[in-house]
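Student: Could you have a look at this structure, given as structure tokens, before my questions?
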Amino acid sequence: MSHDHPASRPTTVAAPDGLGPVPAACWLHPDAEVRPSPIAGRGLFARAPLAADTVVERLGGRLIDGATLAGLTRHDSLSVGEDLHLLLAPDHPVRFGNHSCDPTLWHRDALTVVARRDIAAGEELTLDYATLTAVDDWALDCRCGADRCRGRATGLDWRRPELRAAYGRHWTPPLLARIDAATAHRPAREPTSAGDADPSA
Ligand SMILES: [Zn+2]
């Protein structure tokens, strides 16, 4: 395999134990499609109803470390481990998925995105980027229009108790690790939020 100039090509790193094989390509549910979005630019929308817990996206691409991510000028990525990010396969419609502060999708695990609730035809398919971005200085000004819009999503939103309650275990692994480390010294508390009621988890 040939190697381009190192400054022009992201370095790929090996997957850690537990992440499983990382597909090179993304998969999107056939009842999802790209349309103009009131949130930003284009977005993903359901063209048919999607029941809660339906797998809507399986993510793939290349694993890179944080230094490589920081050197990229434009990217679509998510955090899948400590100092480990998945650079999404380029030119796939999943890239158009917008952020919402009250999303219709959430992560089941690092690479699997499912419906957070029953989704009606025509609804936009969104994720809360704070649940998948373990980059402390990341921030996004938001005008998603949700009643609970935070106005600004950040890489430190995992610290917000109301978001932990809303999303339960539906954060990517490095954010779950932060949450667990921050709560480990406190008295044990059962996850009782409605957002963590998935009996199959
Ligand atoms: Zn918002």
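The numbering used here puts the sequence shown at residues 110 to 310. Ideal placement from N, C-alpha and C gives every residue a C-beta, glycine not left out.
#1: Can you look up L193 in the DSSP assignment and give me helix, strand or coil?
#2: Is the closest heavy atom of ligand 1 to the C-beta of R225 under 7 Å?
#3: In three-state terms, what does DSSP make of R226?
#4: Beta-carbon within less than 6 Å of R144's beta-carbon, same chain only, minus the 5 sequence neighbours each way: which residues are those?
#5: Is it buried or exposed for V164, if we count other Cβ within 10 angstroms and need 16 for buried?
#6: Given 7 Å as the limit, tell me if R167 has its C-beta closer than that to any heavy atom belonging to ligand 1.
#7: With respect to the beta strand (DSSP E) encompassing D289, which residues constitute its N-terminal and C-terminal limits?
#8: State the CB to CB distance for the pair L249 and H208, rounded to an integer number of angstroms; the pair is presumed to be in contact (CB under 8 Å).
#9: Going by the C-beta, is R273 closer than 7 Å to any heavy atom of ligand 1?
#10: If we count the other Cβ atoms within 10 Å of its Cβ and call it buried at 16 or more, is A291 buried or exposed?
#11: Skipping 5 residues on each side, what residues in its chain have a beta carbon closer than 6 Å to that of P139?
#12: Do S188 and P130 come within 8 Å of each other at the CB atom, strictly closer than that value?
#13: Quick check: the Cα distance between H201 and G169, rounded to an integer number of angstroms?
#14: Pop quiz: L137 and E166 are said to be a contact at Cβ under 8 Å. What is the actual Cβ separation, rounded to whole angstroms?
#15: For A224, which residues from the same chain have a beta carbon less than 7 Å from its beta carbon, with the 5 sequence-adjacent residues on both sides left out?
#16: Is it right to say D113 is buried, meaning 16 or more other beta carbons lie within 10 angstroms of its own, or is it exposed?
#17: Threshold first: 3 residues or longer. Then list the beta strand (DSSP E) segments lying entirely within the region 157-207, N to C.
#18: Give me the Cα-Cα distance between R268 and P199, rounded to the nearest whole angstrom.
#19: Please name the residue or residues paired with E233 in a DSSP beta bridge.
Tutor: In this structure, then:
#1: strand
#2: no
#3: coil
#4: F154
#5: exposed
#6: no
#7: D289 -> not in any beta strand (DSSP E); alpha helix (DSSP H) instead, spanning P282 to T292.
#8: 6 Å
#9: no
#10: exposed
#11: none
#12: no
#13: 10 Å
#14: 6 Å
#15: L159, A160, A161, D162, T163, V165, T213 and L214
#16: At D113 the pLDDT is 43, less than 50, meaning the model places this residue with poor confidence and gives no usable figure here.
#17: 164-167, 170-173, 186-190 and 193-197
#18: 31 Å
#19: F154
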